[in-house]
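Q: Reminder that position 297 of the sequence shown reads as 297 in full-length UniProt numbering, one-by-one numbering, no gaps.
Could you have a look at this structure, given as structure tokens, before my questions?
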Amino acid sequence: MSSNTQILFFTFLLSLTLNNIFHALSQGSQSDSASYILTCGASSDGTDTNGRKWKSDSTFLPNSGNSIPTRAQSQDASLPSAIPYMSARIFTSTSSYKFSVPSKDRLWLRLHFYPASYDKFDESAASFGVLANGFTLLNNFSASITAEALTQAYIVKEFSLVPPQSGDLTVTFTPTPDHKGAYAFVNGIEVIPMPDIFQPAAMIGFSDQSVEVGSSSLQTMFRLNVGGQFIPSTNDSGLMRTWYDDSPYLFGAAFGVTSQADNKTKIEYSDNVSNIAPLNVYNTARSMGPDPKINENYNLTWIFQIDANFTYVVRFHFCEFRMTKINQRVFDIFVNNQTAQESADVIAWAGSQGVPVYKDYAIYADDQPGDEELWVALHPSLSMKPQYYDAVLNGLEIFKLNDTSGNLAGPNPKPSDLLLHAEANTKKFAPSSRSKTEARVIGGIAGGILCCGVAAGVFMFVAKRKKNDNGSNCSTSSWLPLYGHSHTTSKSTATGKSTASSHLSNLAAGLCRHFSLSEIKHGTKNFSESQVIGVGGFGKVYEGLIDGKTRVAIKRSNPSSEQGVHEFQTEIEMLSKLRHKHLVSLIGFCEEDGEMILVYDYMANGTLREHLYKSNKPALAWKQRLEICIGAARGLHYLHTGARYTIIHRDVKTTNILLDEKWVAKVSDFGLSKTGPNLNQTHVSTMVKGSFGYLDPEYFRRQQLTEKSDVYSFGVVLLEVLCARPALNANLPKEQVSLADWALHCKRKGNLEEIIDPLIKGEINHQCLRKFTETAEKCLSDQGTDRPSMGDLLWNLEFALQLQDNPEDDKLVSNGLANKANDNYGAQTALLSIIKESELGEENDASNSTDVFSQMVNPRGR
Numbered sequence: 001m002s003s004n005t006q007i008l009f010f011t012f013l014l015s016l017t018l019n020n021i022f023h024a025l026s027q028g029s030q031s032d033s034a035s036y037i038l039t040c041g042a043s044s045d046g047t048d049t050n051g052r053k054w055k056s057d058s059t060f061l062p063n064s065g066n067s068i069p070t071r072a073q074s075q076d077a078s079l080p081s082a083i084p085y086m087s088a089r090i091f092t093s094t095s096s097y098k099f100s101v102p103s104k105d106r107l108w109l110r111l112h113f114y115p116a117s118y119d120k121f122d123e124s125a126a127s128f129g130v131l132a133n134g135f136t137l138l139n140n141f142s143a144s145i146t147a148e149a150l151t152q153a154y155i156v157k158e159f160s161l162v163p164p165q166s167g168d169l170t171v172t173f174t175p176t177p178d179h180k181g182a183y184a185f186v187n188g189i190e191v192i193p194m195p196d197i198f199q200p201a202a203m204i205g206f207s208d209q210s211v212e213v214g215s216s217s218l219q220t221m222f223r224l225n226v227g228g229q230f231i232p233s234t235n236d237s238g239l240m241r242t243w244y245d246d247s248p249y250l251f252g253a254a255f256g257v258t259s260q261a262d263n264k265t266k267i268e269y270s271d272n273v274s275n276i277a278p279l280n281v282y283n284t285a286r287s288m289g290p291d292p293k294i295n296e297n298y299n300l301t302w303i304f305q306i307d308a309n310f311t312y313v314v315r316f317h318f319c320e321f322r323m324t325k326i327n328q329r330v331f332d333i334f335v336n337n338q339t340a341q342e343s344a345d346v347i348a349w350a351g352s353q354g355v356p357v358y359k360d361y362a363i364y365a366d367d368q369p370g371d372e373e374l375w376v377a378l379h380p381s382l383s384m385k386p387q388y389y390d391a392v393l394n395g396l397e398i399f400k401l402n403d404t405s406g407n408l409a410g411p412n413p414k415p416s417d418l419l420l421h422a423e424a425n426t427k428k429f430a431p432s433s434r435s436k437t438e439a440r441v442i443g444g445i446a447g448g449i450l451c452c453g454v455a456a457g458v459f460m461f462v463a464k465r466k467k468n469d470n471g472s473n474c475s476t477s478s479w480l481p482l483y484g485h486s487h488t489t490s491k492s493t494a495t496g497k498s499t500a501s502s503h504l505s506n507l508a509a510g511l512c513r514h515f516s517l518s519e520i521k522h523g524t525k526n527f528s529e530s531q532v533i534g535v536g537g538f539g540k541v542y543e544g545l546i547d548g549k550t551r552v553a554i555k556r557s558n559p560s561s562e563q564g565v566h567e568f569q570t571e572i573e574m575l576s577k578l579r580h581k582h583l584v585s586l587i588g589f590c591e592e593d594g595e596m597i598l599v600y601d602y603m604a605n606g607t608l609r610e611h612l613y614k615s616n617k618p619a620l621a622w623k624q625r626l627e628i629c630i631g632a633a634r635g636l637h638y639l640h641t642g643a644r645y646t647i648i649h650r651d652v653k654t655t656n657i658l659l660d661e662k663w664v665a666k667v668s669d670f671g672l673s674k675t676g677p678n679l680n681q682t683h684v685s686t687m688v689k690g691s692f693g694y695l696d697p698e699y700f701r702r703q704q705l706t707e708k709s710d711v712y713s714f715g716v717v718l719l720e721v722l723c724a725r726p727a728l729n730a731n732l733p734k735e736q737v738s739l740a741d742w743a744l745h746c747k748r749k750g751n752l753e754e755i756i757d758p759l760i761k762g763e764i765n766h767q768c769l770r771k772f773t774e775t776a777e778k779c780l781s782d783q784g785t786d787r788p789s790m791g792d793l794l795w796n797l798e799f800a801l802q803l804q805d806n807p808e809d810d811k812l813v814s815n816g817l818a819n820k821a822n823d824n825y826g827a828q829t830a831l832l833s834i835i836k837e838s839e840l841g842e843e844n845d846a847s848n849s850t851d852v853f854s855q856m857v858n859p860r861g862r
């Protein structure tokens, strides 16, 4: 090749290279100009802690005179970054941002809110609506109410908007017109073009119908990395999505197991999945576990708070990195107790191991009571007889679609008052006799909690629960996790003690002591294992000392788990306002550095259960057991009828009945408690919570909670005391697994005495045994209306004790008079007992109320 030819050739290559560079720069510039990441109210650009650059919003307001740039007066310690949250733009009248965007692309729109005091503006006065190109995103929105109800310092609202026809996106903020002094504000705005990742979704319950998701605008309600860790937006390519841990939304103790792909398994996207989720979502998973027997009997279930009257798309992300063949792991998918997919086989869908796939399903939540929750459940597909009875999930997203009027706005959640509020009514998951699938779902949930409870010995949790049961009477329109960034305390510089908790009512916080974390650590020898006296679903319980001398029990939430926020709050709210001889006393709490710690009176003799079985402790005598049952019944009776509001415990069991140094029974653990129905109601509709084996079957079927649900659970406790065996024992033959079922069967056959604890058989008077077992049987009636009230139950137990001491007293209440005594006499004495116990409660139990019933039944006393 001649030198001239070489020069021409290299000149051509240089020209081509430069052209490609300029083209790339031009494309990048266009892409950059279509994305907007704005810190609102800031005078200059800034960079957040993740390295993202935020521009000042001042050039995007056509009329900036209608707005006020400002800064927050204080910074919550849980804020992820000062930028964009410490600056804000406030609008006192309707104002709009205008963005030039591609007309063919869908858009992510993210709005960031930090409800705080800004100059002269009170955070509680902020109430406003937000519109974007004709879609109502927020209406009468209060960031402060939402943050308080969800226990979050800041709120992120994410929307996926249809492509704008004009090539412009206009986002309008309008203060609520009929709200005096209302204003609007925003801390950060993101507008990011996105690929069209939405395809038609199959409508659950209608095999021939689908929802055209692509033509709708959506709000992201939840985005979870199932079985994996939190994924920040900077780890999600150009879509900048945030993925949260799924564990706060899991139902009960059935957590399954988590796993991660090993280095030998390469995860490779198929062409249509690369933008759907980041790789980190697909290389971790949650499955049911290795035991097929357990897996056959439970569902892996998540529960989410949603807004009624909207259609939702539930997106499931799957990637098999354990299985290699079809029909190795096959499972069914349920959404709100309806079958979304039968016989899901990820390998069959993907074609091979390590290939991500996703499936979308749509469901409508109408305005029926209870439709503020969405349940997602997985269960092995037994009919396919797979090699492994298991189910798996890698990621989960839930999107809300706009309604026919273009609205996406849901109601504000109500401020959290855990004593007074009634939980949002939940969907009636009653099994249908026509649907084996639906019955299997209910049975799966029950069996799962049963087996996991027996195997792990932990009680149920929520959601949020936040959550979730994130616990608040609210619609969760923010997709931050319910536990996220919420626990802040302040310290007195004089004492170093924790002086406030930001998430309890002022009354509750003022009725019990706030401990600093240093005080708790000192009292437990820095949480020494030698101080552990018990372990429960909430965490470990330590024996400790406060003030150098007072012996206490300290219950600490598992620091590696984010579970129990609602239970922690409920326990404090409930017990801080209740004082009774037979209720465990809460001394105080600690909420500092992410810890959730409760401090109680020390119960020297532990739980009732450990004196019945599975322990080396001496067995209790029959009369002592009966007196303990009476004491516990008194505590529950006071909750039902003697406190200011009816309180339903919802988790009555032998581990929640504690015994002090004098063997006085005290009811404990109010984390699942609910305020009961008012005078115009017969029940409270709520999701099923409690411990299987003790759970009221009527409550389970109908999700309708009454005081009679506690009565049923107490009936199981009575049998546990009598027979000295667990409420559930999966190692026994099938017909004997449930103590309640087996005992009732034996009673009908006339051989109940055969299963009584042999250590007390010779101690029980025959008339006493008859009265005791009749009482337990009535408590276990299938219908709540057939069960005695707690007052009548208490009367029967007191009478059984009289029969134990004085068998001839059986003549005082006989035949027809027995029913009359149970109904009328028991009700009258119950009323008198309420008055007496209420007075005692208010006086912090200065005197003993245990003789009220016995004096009436037998005036001679004991």
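Glycine included, each C-beta is placed from N, C-alpha and C at the ideal position.
So the beta strand (DSSP E) Ile-189 belongs to, where does it begin and stop?
A: Run containing Ile-189: 188 to 194, per the beta strand (DSSP E) assignment.
Q: For the alpha helix (DSSP H) that contains Trp-795, what are its first and last residues?
A: Taken as a continuous stretch (DSSP letters only), the alpha helix (DSSP H) holding Trp-795 covers 790 to 805.
Q: Below 6 Å CB to CB, which residues in the same chain sit around Ala-344 once its five sequence neighbours on both sides are set aside?
A: So the list reads Phe-331 and Ile-333, once near-sequence residues are dropped.
Q: Just verifying my parser: in three-state terms, what is the DSSP assignment at Ala-153?
A: Looking at Ala-153 - three-state DSSP - the assignment turns out to be coil, as it is neither helix nor strand.
Q: Give the DSSP bridge partners of Met-240, in chain order.
A: Its beta-bridge partners do not exist; DSSP assigns none.
Q: In whole angstroms, give me the CA-to-CA distance for Ala-82 and Ala-184.
A: One C-alpha to the other measures close to 20 Å.
Q: Thr-654 and Val-599: beta carbons closer than 8 Å?
A: No, they are not a contact pair.
Q: Entirely within the region 90 to 132 and at least 3 residues each: give me those beta strand (DSSP E) ranges in chain order.
A: The qualifying runs are 95 to 100, 106 to 113 and 128 to 132.
Q: With distances taken from CA atoms, which of Glu-320, Asn-765 and Gln-305 is nearest Thr-284?
A: It is Glu-320 whose Cα lies nearest to the Cα of Thr-284.
Q: Using the beta-carbon count (16 or more within 10 Å), is Lys-581 buried or exposed?
A: Lys-581 should be labelled buried.
Q: In angstroms, rounded to a whole number, what distance separates the CA positions of Pro-733 and Trp-742?
A: In a straight line, the C-alpha of Pro-733 is about 10 Å away from that of Trp-742.
Q: Examine the Cβ distances between the region 592 to 606 and the region 658 to 669 and report whether three or more of them are shorter than 8 Å.
A: Yes, the region 592 to 606 touches the region 658 to 669.
Q: Pull up the distance between the alpha-carbon of Ser-44 and that of Phe-99, whole angstroms please.
A: C-alpha separation (whole angstroms): 19 Å.
Q: Could you check where the alpha helix (DSSP H) with Ala-628 kicks off and where it finishes?
A: Per the sequence presented here, residue 628 reads as Ile, with Ala not at that position. Note, Ile-628: alpha helix (DSSP H), 622 to 637.
Q: Counting only the same chain and skipping the five closest in sequence on each side, list residues whose C-beta sits under 6 Å from that of Gly-539.
A: Correct list, in chain order: Arg-556, Ser-557 and Asn-558.
Q: Let me know if Gly-496 comes out buried or exposed under the rule of 16 or more other beta-carbons within 10 Å of its beta-carbon.
A: Any answer about Gly-496 is weak, because its pLDDT of 34 lies below 50 and its placement is not dependable; what the coordinates show is given next. It counts as exposed.
Q: Just to confirm the assignment, what range does the alpha helix (DSSP H) spanning Trp-742 have?
A: Note, Trp-742: alpha helix (DSSP H), 739 to 749.
Q: Determine, for Ala-362, whether the minimum Cβ-Cβ distance to residues of chain B falls below 8 Å.
A: Any reference to chain B falls outside this structure, which holds one protein chain only.
Q: What do you reckon, are the CB atoms on Pro-200 and Val-101 nearer than 8 Å?
A: The answer is no: Cβ separation not under 8 Å.
Q: Report yes or no: do the region 133 to 140 and the region 151 to 163 share at least 3 C-beta pairs separated by less than 8 Å?
A: These segments touch.
Q: Say whether the region 800 to 808 touches the region 751 to 758, bearing in mind that this needs 3 or more beta-carbon pairs closer than 8 Å, one atom from each stretch.
A: Counting Cβ pairs under 8 Å, fewer than three are found: no touch.
Q: Three Cβ pairs or more, each shorter than 8 Å: is that satisfied between the region 257 to 269 and the region 229 to 241?
A: Touching, no, given that fewer than three Cβ pairs across the two stretches are closer than 8 Å.
Q: Under 7 Å Cβ to Cβ from Ala-430, same chain only, skipping five residues before and after it: list those, please.
A: Note on Ala-430: pLDDT 31, under 50, position unreliable in the model; the coordinate value appears next. Here the set comprises Arg-701 and Arg-702.
Q: So, at 6 Å on beta carbons, what are the nonlocal neighbours of Phe-568 in its own chain, with the 5 sequence-adjacent residues on each side left out?
A: Closer than 6 Å at the Cβ level, and outside the excluded window around Phe-568, lie Met-596.
Q: Go ahead and pull the three-state DSSP assignment for His-514.
A: In the structure shown, His-514 sits in a strand (DSSP, three-state: E or B).
Q: Looking only at its own chain, which residues have a Cβ that is under 6 Å from the Cβ of Leu-401, when we skip the five neighbours before and after it?
A: If we look at Leu-401 and ignore the five residues flanking it on each side, its Cβ neighbours are Ser-216, Leu-218 and Thr-311.
Q: Indicate the three-state DSSP secondary structure (helix, strand or coil) for Pro-248 in the structure shown.
A: DSSP places Pro-248 in helix when its eight states are reduced to three.
Q: Could you compute how far the alpha carbon of Glu-720 sits from the alpha carbon of Pro-618?
A: Glu-720 and Pro-618: Cα-Cα distance of roughly 16 Å.
Q: Does DSSP put Lys-720 in a helix, a strand or coil?
A: For clarity, residue 720 is Glu in the given sequence; the question names Lys instead. In this structure, Glu-720 counts as helix in the three-state DSSP scheme.
Q: So, Asp-572 versus Thr-524, is the Cβ gap smaller than 8 Å?
A: Looking at the sequence provided, one finds Ile at residue 572 rather than Asp. Cβ atoms of Ile-572 and Thr-524: not closer than 8 Å.
Q: Taking Thr-675 and Thr-706 to be in contact with their CB atoms under 8 Å, please state how far apart those CB atoms are, rounded to whole angstroms.
A: About 12 Å separates the two Cβ atoms, so there is no contact after all.
Q: According to DSSP, Trp-54 sits in a beta bridge with which residue or residues?
A: Looking at the DSSP assignment, Trp-54 forms a beta bridge with Gly-46.
Q: Tell me which residues share the same chain as Asp-367 and place their Cβ nearer than 8 Å to its Cβ, disregarding the 5 neighbours each side in the sequence.
A: Counting only Cβ-Cβ distances below 8 Å, and skipping sequence neighbours, we find Ala-308 and Asn-309.
Q: Is the beta carbon of residue 903 sitting closer than 8 Å to the one on Ile-189?
A: It is not possible to answer for residue 903, since the shown part of the chain is limited to 1 through 862.
Q: Suppose you measure from the CA of Val-535 to the CA of Arg-609; what does that come to, to the nearest Å?
A: Between Val-535 and Arg-609, the C-alpha separation is close to 14 Å.
Q: Pull the bridge partners of Arg-71 from the DSSP assignment, please.
A: Per DSSP, Ser-87.
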